[in-house]
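For reference, the structure is listed below as structure tokens.
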Amino acid sequence: YYGRVASFPAADMTVKRRAHGRNKKGRGHVNRVRCVSTGKAIPKDKAIKRFIVRNIVEASALRDIREASCIENYQLPKIYIKQYYSVEAAIHQRVVRVRSREARRNREPPQRNRPAFAPRPEGGAAGGAPGGPPK
137 YYGRVASFPA ADMTVKRRAH GRNKKGRGHV NRVRCVSTGK AIPKDKAIKR FIVRNIVEAS
197 ALRDIREASC IENYQLPKIY IKQYYSVEAA IHQRVVRVRS REARRNREPP QRNRPAFAPR
257 PEGGAAGGAP GGPPK
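Residues in the sequence shown are numbered from 137 upward in steps of one, following this note's numbering.
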């Protein structure tokens, strides 16, 4: 009988993640995407997403192409790829790491390891270049 109310008190069940590993929030159904690694169909909001921007040619062949090119300062196009991973494939390939209970509360994005440009010497730009620090 479906209308019957349970006779036992509702116990607070432990929840591992505050959104249950999803990003759905009120949507009943979400389309599925394919995992890049395993081909498994996973909900789009649960998948681990990575956006990759890469040069079409690797760095070793880049110089040869620049020397052979007849156009000065030609900018080679880039490849833009959106990759979806299932949770188990992302953990296995170390795209994401398992975190402790306290670390799971941290919702800040991780620090990006981008090469920083060397700061210009103080006397480099005469008159204050646009976009430079105010003097």
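We put the beta carbon where it would ideally sit given N, CA and C, even for glycine.
Can you pull the DSSP bridge partners for residue i?
i	result
V189	Y216
P179	R168
I184	Y221
Residues in the same chain with beta-carbon distance under 8 Å from residue i, minus the five sequence neighbours each way, listed in chain order, please.
i	result
I215	I188, V189, R190, N191, I192
K161	A155
V234	I227
L212	N191, I192, V193, L198, I201
Hey, out of the options, whose CA is closest to residue i's CA?
i	options	result
H156	A183, R170, V169, T174	A183
S222	K152, R202, G164, R168	R168
R241	D148, R153, A147	R153
G164	P179, R230, S173, E238	P179
D181	N159, C171, S196	N159
Q219	D148, P257, S173	S173
P245	A147, R186, A177	R186
G175	R243, N209, E208, E224	E224
Ordered along the chain, which non-local residues of its own chain (more than five positions away) have a Cβ less than 6 Å from that of residue i?
i	result
A226	I184, V232
Given residue i, which residues of its chain have a CB within under 7 Å of its CB, disregarding the five upstream and five downstream residues?
i	result
I217	I188
Let me know if residue i comes out buried or exposed under the rule of 16 or more other beta-carbons within 10 Å of its beta-carbon.
i	result
C206	exposed
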